[in-house]
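Numbering (this note's numbering), first residue to last: 95 to 304.
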């Protein structure tokens with residue numbers, strides 16, 4: 095503790111100097127007060143789904159994950175669906191060839207189904223099915239459960255049932271491929287941003303003098 099105190103006291107950063115007298119504290123403390131959803135920033139490209147799940151205080155999330163406070167079961171279901179994964183694969187960045195999840199680039203731009211948040215109400219039961227399938231293997235970590243070669247049949251089945259439900263929230267006929275999903279999502283995204291692009295273009299036009 096004394097070594098940490100002395101190290102921080104020599105720093106030129108004001109934020110580090112301010113906690114030099116408290117060597118037992120982390121330099122950056124993000125401690126949610128409620129259960130929070132964790133999305134790993136990097137995940138293997140081999141996975142059909144990015145393994146996401148809840149953690150609780152006093153767990154301190156690291157800088158290698160993205161967190162979503164107060165996430166609902168419905169949101170969890172949407173983010174762990176094939177529809178969202180198609181967006182991740184085509185929009186998200188890469189670390190070598192692995193998925194890189196970004197809040198700004200992936201999460202904030204992901205189009206909701208035409209019915210908006212209200213349309214997600216029916217996903218809670220499917221989320222519980224996925225979580226129950228995970229709980230059936232208490233000695234396995236998420237990395238093993240979502241390995242494409244080791245994924246338990248029960249968990250895979252729960253995900254596929256969830257995928258069908260989410261697909262039909264976007265289009266009644268569903269989708270036959272990942273490409274169909276992402277093409278449809280691009281259409282929704284363009285329809286969403288078009289009005290904003292029009293307003294931005296108008297604001298840039300020079301005003302005529304009377």
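Just so you know, even glycine gets a beta-carbon here, dropped at the ideal spot from N, CA and C.
Exercise for the section: Answer yes if the region 197 to 205 comes into contact with the region 167 to 184, meaning at least three C-beta pairs across the two stretches below 8 Å, and no otherwise. Expected result: yes
Practice task
With DSSP collapsed to three states, give me the class of residue 281.
Solution key: helix
Problem - Outcome for residue 134 when other beta-carbon atoms lying within 10 angstroms are tallied against a minimum of 16 - result: buried
Handout entry: Of the residues 144, 190, 151, 164, the one placed nearest residue 174, counting alpha carbons only
Key = 144
Problem - Pick from 254, 169, 274, 130 that is closest to residue 215, judged by C-alpha positions - result: 169
Exercise for the section: Count the CB pairs spanning the region 146 to 155 and the region 118 to 130 that are closer than 8 Å, and state whether there are at least three. Expected result: yes
Problem - Length at least 3, wholly inside the region 120 to 181: the beta strand (DSSP E) runs in chain order - result: 130 to 134, 147 to 149, 159 to 163
Problem - Inter-stretch contact (C-beta, 8 Å, three-pair minimum) for the region 215 to 228 and the region 241 to 250 - result: yes
Exercise for the section: Please list, in chain order, all residues of the same chain as residue 217 whose beta carbon is under 6 Å from its beta carbon, the five residues on each side excluded. Expected result: 168, 171
Problem - Status (buried if at least 16 other CB within 10 Å, exposed otherwise) for residue 231 - result: exposed
Practice task
Look up residue 305 in the DSSP assignment and give the residues it is bridged to.
Solution key: Examination of residue 305 is not possible in this model, given that the chain is present from 95 through 304 alone.
Handout entry: residue 259: first and last residue of the uninterrupted alpha helix (DSSP H) it sits in
Key = 247 to 264
Problem - Contacting residues, own chain, Cβ-Cβ under 7 Å from residue 164 (five flanking each side not counted) - result: 128
Problem - Burial state of residue 115, where buried means 16 or more other Cβ atoms lie within 10 Å - result: exposed
Exercise for the section: Out of 276, 279, 161, point me to the one whose CA is closest to residue 150's CA. Expected result: 161
Problem - Run of the alpha helix (DSSP H) containing residue 97, from where it starts to where it stops - result: 96 to 103
Exercise for the section: Give the straight-line distance between the Cα atoms of residue 108 and residue 118, rounded to the nearest whole angstrom. Expected result: 18 Å
Practice task
Could you say which of 186, 166, 131, 238 lies nearest to residue 159 if we only look at CA atoms?
Solution key: 131
Problem - Rounded Cβ spacing between residue 137 and residue 193 (contact assumed at less than 8 Å) - result: 5 Å
Exercise for the section: State buried or exposed for residue 252, treating a residue as buried only when at least 16 other CB atoms are found within 10 Å of its CB. Expected result: buried
Practice task
Could you say which of 101, 235, 99 lies nearest to residue 146 if we only look at CA atoms?
Solution key: 235
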